[in-house]
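Have a look at the structure below, then the notes.
Numbering (our numbering), first residue to last: 44 to 181.
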């Protein structure tokens with residue numbers, strides 16, 4: 044097992060303050076010898092400490108470990124406030140950070156059956172056909 048207390052060096056480059064999207068954006072270079080990788084949670088904690096901000100406002104994504112290990116590169120964003128984060132951040136990243144809930148999933152077979160049932164109709168009847176069938180037979 045790798046040592047999780049091994050030292051980690053974080054460097055940022057191409058740092059831009061984006062006033063239009065109310066955020067700071069940058070490329071993150073993480074040096075982690077003697078360690079397979081660094082978790083996004085730990086990375087956002089460290090970045091929040093460096094830039095003196097709340098760790099919930101820090102978003103990291105696109106982290107790729109360079110072949111041979113010991114170094115990873117990714118992208119980081121630090122939003123000014125929660126409102127701008129909810130406004131500009133894509134839905135999937137909001138769900139990952141826990142700011143919104145994922146929509147309830149219906150199972151794959153049901154979705155396909157509904158789609159195929161709706162194919163047989165046109166116009167307003169199509170929406171009615173896409174609804175789940177009524178229980179109780181006829």
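We treat Cβ as the ideally placed atom computed from N, Cα and C, and that holds for glycine.
Exercise. Using a Cβ-Cβ cut-off of 6 Å (strictly less than) and excluding sequence neighbours within five positions of residue 138, which residues of its own chain qualify?
Worked result: 145
For this session: Using the Cα positions of residue 97 and residue 115, report the straight-line distance between them to the nearest angstrom.
Result: 23 Å
For this session: Could you check what DSSP says for residue 131 in three-state terms: helix, strand or coil?
Result: helix
Exercise. Taking the Cβ atom as the reference point for each residue, do residue 104 and residue 117 lie within a distance shorter than 8 Å?
Worked result: yes
For this session: Reducing DSSP to helix, strand and coil, say where residue 61 ends up.
Result: strand
Problem set entry | For residue 147 and residue 119, the rounded distance between their alpha carbons | 29 Å
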